[in-house]
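Peer 1: These protein sequences, in sequence, are chains A and B. When we follow my numbering, the leftmost residue of the first sequence carries the number 15, and every step to the right adds one. When we follow my numbering, the leftmost residue of the second sequence carries the number 15, and every step to the right adds one. Using N, Cα and C, we set each Cβ at its ideal position, and we do this for glycine too. These numbers come from a predicted model, not from an experiment. Please read through the structure below; I'll follow up with questions.
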Amino acid sequence: MKKVLSILLVLIMTLSLFGCGSAATSGNPKEIKIGVVSPISGQSAIAGEYIKNGIELIADQLAKDGGLDVKGTKIPVKFLYEDNEAKPDATANVFRKLIDQDKVIAIVGPDMSKCILAGGPIAQASKIPAIGTFTTNEKVTQIGDFLFRACFIDPFQGKVMAQYAADTIGAKTAAILYNNADDYSKGLMENFKKAFEEKGGKVVEAQAYGGADVKDFNAQLTKIKAANPEVLFMPNQFGEVPLQMKQARQMGITAQFLGGDSWDSPDVPNIAGVDIVEGSAFDAAFSPDDPSPICKDFVKRYKDKYGKNPNSNAVLAYEAAMVVLEGIKNAETLDGQGVRDAMAKIENLEVPSGTITFDANRNPVKGAVVNVYKGGVPSYVTTINPN
Amino acid sequence: MTTILQLTMYGLQLGSIYALIALGYTMVYGIIGLINFAHGDFLMVGAFIVFFLVQALGGGHIPYILVAAVIIIGMVLTGLLGVATERIAYKPLRKKPRLSALITAIGVSMFLENFPRALPFIGPAPRPFPELFPMRDFNIGGVGTNSVQLLMIAFSIILMIGLHYITTRTKVGSQMRAVQFDKDAAALMGINVNNVISITFFIGAALAAAGGVFYSSIYPMIDVYMGIWLGTKAFVAAVLGGIGDIRGAMIGGFIMGVAEVLATAVNSDLGYGAGFVILILILLFKPAGIMGKFTIEKV
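Here it is, written out as structure tokens:
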């Protein structure tokens, strides 16, 4: 029995080798493979779910159209999902797998700066374009000319919130609680501090904690309370923020909470409690209340399929996939280099959160919205544009 | 001065949780010499069972008599899960090299984290944990605290004393200690070793469930991965105190909690590692931990 089984397995493996060979040698690709890297398991698995939902919307559309229209021929597109567990080392592994084994033409994702910083150099070396969805850290596209992103960059976000704190609220003192094991959090902290102090404000206390799994912030908050700031900036992941807010209010800190686009999840008011998040402000790539038709259509399709509003993770994954598809459509040669060149030339591509034009560093030029929690729901306050 | 007292208060609160979970590690290690890496995940399971029971009762505030019942049911169910885990995963490997059992424990841990995550009604999303105990703020000489913190510290100490009583004063306890000393000789004396090990796992997992509920009451957010970090910290606490020794686990837990909070207050960038630094220092001078005994061959 075992022998028969093993012979069968060998046969199957050999056959599959033939399968690979024939697909690779044919001149006209029967299908286009695009890798999608996101945290399907692990602590950011919810983000991974939103990303997959966003991509599936595009996949559905493509399936309905019978494939992607590349210069007159319809080619089916296949999205290959890989799990990076929100970890840099796992990201590097799946990048290698997607490029070496699956022979993808481009990679969408992952959503975290620290992860794409590990996987990006592999894509760069193999000349496969990779577009991060939520990778707001400046360094991401500095890896090389095959790296793109679908979101704005950290300095801009830190600046947006500093501008909001100083100009809109009129705050003079601020404190920061940030995760020093997270490039995103650190990046926003540094840029907020710089921009806030340029505006004449003072950062009275900056306290760190060492990772997403820390749940006790009492020591840090005790010091922040002593400094008595007007606003408390917490540019941390949405799984971490609710407990920070709760502990801060419990301790009697009355400062207004400010955060970055990572707060953009219904779980924040859900877990922290509606009255605790009331009045807290954060910036985001997109607001489902945006009245533009393409955004309305996207939100409607998303809601019809999944029964809830999309968040920034879903929108940015959707837009990143749009950028890749646009690149494939306009590519002179259907390979990594050709798609990259076409992606870099994209101008005024209409996407749900606005329009995408890439600058010389392959960062999209687009604005940010500021939302404030009212009754547990983020409500759109203002849009702050890059300058 | 008040600040130091205040920070110590926070440290004790954190430490009481570490201690409670460290007890489970230490008990299992003491008796079968296995480091049960799935222990932190029993804690998560306990918290989730209580979460769902409270939801089934309508959620929000429920009468205190029901709170007690719900916690006890959670502890019993988690205890049974502990027994089942031992029977299915660890018992077949009892005579195999220790490394096999250790790797299996890691496997069980991953299973317990990722199986619930794959279930649609649990999933990866963090959830708010209901308020089970009355929340009232106190201020004692400038040191702020609240009823939940005090209750948790008190409950933890009661459970630890109870466990100490069971192991030192009861028949089951003396059987446990006999098995710990020499499994084969204990069997020859008519002790049912399998039963004793099952009871050990039951108590360990039930304590973890209680720890999970207490922890979630203070830090009211639960998700399927909450056990990993806590499990690691509690494991360090157990080693620090001398793994295999119940008093050591308690002392280790409190030292870890207070040290971590105080160190974080001094320098928040380094605080997270404070517990580990203390661990290294203590192991340098007392390789068996604070309460650990030097034994050539640990049984």
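Name, going along the chain, the residues of the region 177-205 of chain A whose beta-carbon falls closer than 7 Å to a beta-carbon of chain B.
Peer 2: N194
Peer 1: Taking 9 Å as the threshold (C-beta atoms), are A/A137 and A/I48 in contact?
Peer 2: Here residue 48 of chain A refers to the residue found at position 34 when the first sequence is read from its first residue. Here residue 137 of chain A refers to the residue found at position 123 when the first sequence is read from its first residue. No, Cβ-Cβ distance for A/I48 and A/A137 is not below 9 Å.
Peer 1: Would you call the region 80-91 of chain B in contact with the region 247-257 of chain B, where contact means no fewer than 3 C-beta pairs closer than 8 Å?
Peer 2: The region 80-91 of chain B vs the region 247-257 of chain B: no contact.
Peer 1: Taking B/I265 as part of the beta strand (DSSP E), name the residues at either end of that continuous run.
Peer 2: The residue given as residue 265 of chain B occupies position 251 in the second sequence. Taken as a continuous stretch (DSSP letters only), B/I265 belongs to no beta strand (DSSP E), being part of the alpha helix (DSSP H) at 260-280.
Peer 1: Could you give the distance in angstroms between the alpha-carbon of A/A139 and the alpha-carbon of A/I113?
Peer 2: Translated into the one-based positions of the first sequence, residue 139 of chain A becomes position 125. Translated into the one-based positions of the first sequence, residue 113 of chain A becomes position 99. Near 11 Å, if we compare the C-alpha coordinates of A/I113 and A/A139.
Peer 1: Closest to A/F252 by CA distance: which of A/A233, A/I238, A/D227 is it?
Peer 2: The residue labelled residue 252 of chain A in the question sits at position 238 within the first sequence. Nearest option by C-alpha distance: A/D227.
Peer 1: Please identify the residue among A/V154, A/L246, A/A180, A/M203 whose C-alpha is closest to the C-alpha of A/A189.
Peer 2: Translated into the one-based positions of the first sequence, residue 189 of chain A becomes position 175. Among A/V154, A/L246, A/A180, A/M203, the Cα nearest to that of A/A189 belongs to A/L246.
Peer 1: Do you know whose CA, among A/G287, A/A209, A/P280, A/P249, lies nearest A/R263's CA?
Peer 2: To locate residue 263 of chain A, count along the first sequence from 1; it is residue 249. Closest by alpha carbon: A/G287.
Peer 1: Is the region 148-156 of chain A touching the region 197-209 of chain A, taking contact as three or more C-beta pairs under 8 Å?
Peer 2: yes
Peer 1: With 16 as the cutoff for other CB atoms within 10 Å, does B/T214 come out buried or exposed?
Peer 2: As a first step, residue 214 of chain B is located in the second sequence; it is residue number 200 there, counting from the start. If you draw a 10 Å sphere on the C-beta of B/T214, you find 16 or more other C-beta atoms in it, and that means buried.
Peer 1: Which one of B/D55, B/V42, B/V122 has the shortest CA to CA distance from B/I356?
Peer 2: This structure does not reach residue 356 of chain B, given that chain B is present from 15 up to 313, and the question cannot be answered.
Peer 1: For A/Y95, which beta-bridge partners are listed by DSSP?
Peer 2: To locate residue 95 of chain A, count along the first sequence from 1; it is residue 81. Paired residues: A/V50.
Peer 1: Quick one: which unbroken alpha helix (DSSP H) runs of 4-plus residues sit fully inside the region 182-251 of chain B? Chain order, please.
Peer 2: 185-195, 197-202, 207-232
Peer 1: Across the region 98-113 of chain A and the region 370-382 of chain A, are there enough close Cβ pairs to call them in contact, namely three or more that are closer than 8 Å?
Peer 2: no
Peer 1: What three-state label does DSSP hand A/D230 in the structure shown?
Peer 2: Residue mapping note: residue 230 of chain A aligns to position 216 of the first sequence, counting from 1. A/D230 falls in the coil class under three-state DSSP.
Peer 1: So, at 6 Å on beta carbons, what are the nonlocal neighbours of A/D278 in its own chain, with the 5 sequence-adjacent residues on each side left out?
Peer 2: Numbered from its first residue, the first sequence carries residue 278 of chain A at position 264. The residues are A298, N325, S326.
Peer 1: Do B/G262 and B/G218 count as a contact pair if the criterion is CB distance below 9 Å?
Peer 2: On the second sequence, residue 218 of chain B is found 204 positions in, with the first residue counted as 1. On the second sequence, residue 262 of chain B is found 248 positions in, with the first residue counted as 1. B/G218 places its beta carbon 9 Å or farther from that of B/G262.
Peer 1: Could you spell out the range, first to last residue, of the alpha helix (DSSP H) harbouring A/R110?
Peer 2: Here the question's residue 110 of chain A lines up with position 96 in the first sequence. Looking at the DSSP string, the run of the alpha helix (DSSP H) that includes A/R110 is 102-110.
Peer 1: Starting from A/Q221, find everything on chain B with Cβ-Cβ shorter than 7 Å and list it in chain order.
Peer 2: By one-based count along the first sequence, residue 221 of chain A stands at place 207. The answer, in chain order, is S282.
Peer 1: For a contact defined as C-beta to C-beta under 9 Å, what are the partners of A/L246 on chain B?
Peer 2: Counted from its first residue, the first sequence places residue 246 of chain A at position 232. The premise fails here: A/L246 is roughly 14 Å from chain B at the closest Cβ pair, so nothing lies under 9 Å.
Peer 1: Could you name the residues of chain A that B/I242 contacts, counting a contact when the two beta carbons are closer than 8 Å?
Peer 2: Locating residue 242 of chain B in the second sequence gives position 228, counting from the first residue. Residues of chain A passing the Cβ test: D227.
Peer 1: At 8 Å on the CB atoms, spell out the chain B contacts of A/N375, in chain order.
Peer 2: For the purposes of this step, residue 375 of chain A is taken as residue 361 along the first sequence, with counting starting at 1. The premise fails here: A/N375 is roughly 30 Å from chain B at the closest Cβ pair, so nothing lies under 8 Å.
Peer 1: Taking the runs of the beta strand (DSSP E) that are 3 residues or longer, which of them lie wholly in the region 253-334 of chain A?
Peer 2: 270-273, 295-298
Peer 1: Which residues, in chain order, does the region 121-140 of chain B contribute to contact with chain A at a C-beta distance below 7 Å?
Peer 2: N128, R131, P138, A139, P140
Peer 1: Taking B/F125 as the reference, which of A/E212, A/K216, A/G56 has the closest Cα?
Peer 2: Residue 125 of chain B sits at position 111 when you count from the first residue of the second sequence. It is A/G56 whose Cα lies nearest to the Cα of B/F125.
Peer 1: Going along the chain, which residues of its own chain have a beta-carbon closer than 8 Å to the beta-carbon of A/N232, five neighbours each way excluded?
Peer 2: The residue labelled residue 232 of chain A in the question sits at position 218 within the first sequence. Excluding positions up to five away in sequence, the list reads Q261, M265.
Peer 1: Can you give me the C-alpha to C-alpha distance between B/P301 and B/A252, rounded to a whole angstrom?
Peer 2: Translated into the one-based positions of the second sequence, residue 301 of chain B becomes position 287. Translated into the one-based positions of the second sequence, residue 252 of chain B becomes position 238. Looking at the two C-alpha atoms, the distance is approximately 13 Å.
Peer 1: For chain B, is any of its Cβ atoms less than 9 Å away from the one on A/S276?
Peer 2: The residue given as residue 276 of chain A occupies position 262 in the first sequence. Not one chain B Cβ lies under 9 Å of A/S276.
Peer 1: When you compare the CB of B/D55 with every CB in chain A, is at least one pair closer than 9 Å?
Peer 2: Against the second sequence, residue 55 of chain B aligns to sequence position 41. No - not a single Cβ of chain A is within 9 Å of the one on B/D55.
Peer 1: For A/I60, decide whether its Cβ has a neighbour in chain B, counting only Cβ atoms nearer than 9 Å.
Peer 2: Residue mapping note: residue 60 of chain A aligns to position 46 of the first sequence, counting from 1. Chain B contact via Cβ: present.
Peer 1: Beta-carbon of B/G287 versus every beta-carbon of chain A: anything under 9 Å?
Peer 2: Sequence index remark: in the second sequence, residue 287 of chain B carries index 273 (1-based). Yes - at least one Cβ of chain A is within 9 Å of the one on B/G287.
Peer 1: Could you check the C-alpha separation between A/E204 and A/A100 for me, to the nearest Å?
Peer 2: Numbered from its first residue, the first sequence carries residue 204 of chain A at position 190. Numbered from its first residue, the first sequence carries residue 100 of chain A at position 86. So the alpha carbons of these two residues sit roughly 23 Å apart.
Peer 1: For A/N214, collect the residues of the same chain with a Cβ closer than 6 Å to its Cβ; drop the 5 residues on either side in sequence, then sort them by chain order.
Peer 2: Along the first sequence, read from residue 1 onward, the residue named residue 214 of chain A stands at position 200. Here residue 214 of chain A turns out to be Gly, not Asn, going by the sequence shown. Same-chain partners within the cutoff: there are none.
Peer 1: Assuming B/S282 contacts A/Q258 under a Cβ cut-off of 8 Å, what Cβ separation, rounded to an integer in Å, is found between them?
Peer 2: In the second sequence, counting from the first residue as 1, residue 282 of chain B sits at position 268. In the first sequence, counting from the first residue as 1, residue 258 of chain A sits at position 244. In fact, because the Cβ distance is near 13 Å, the residues do not count as touching under 8 Å.
Peer 1: In chain order, which continuous runs of the alpha helix (DSSP H) of length 4 or greater are located wholly inside the region 30-90 of chain B?
Peer 2: 53-70
Peer 1: Going by other Cβ atoms of all chains shown within 10 Å of its Cβ, with 16 needed for buried, is A/D103 buried or exposed?
Peer 2: Looking up residue 103 of chain A in the first sequence gives position 89. Residue burial is scored here from C-beta neighbours: A/D103 has fewer than 16 other C-beta atoms within 10 angstroms and is therefore classed as exposed.
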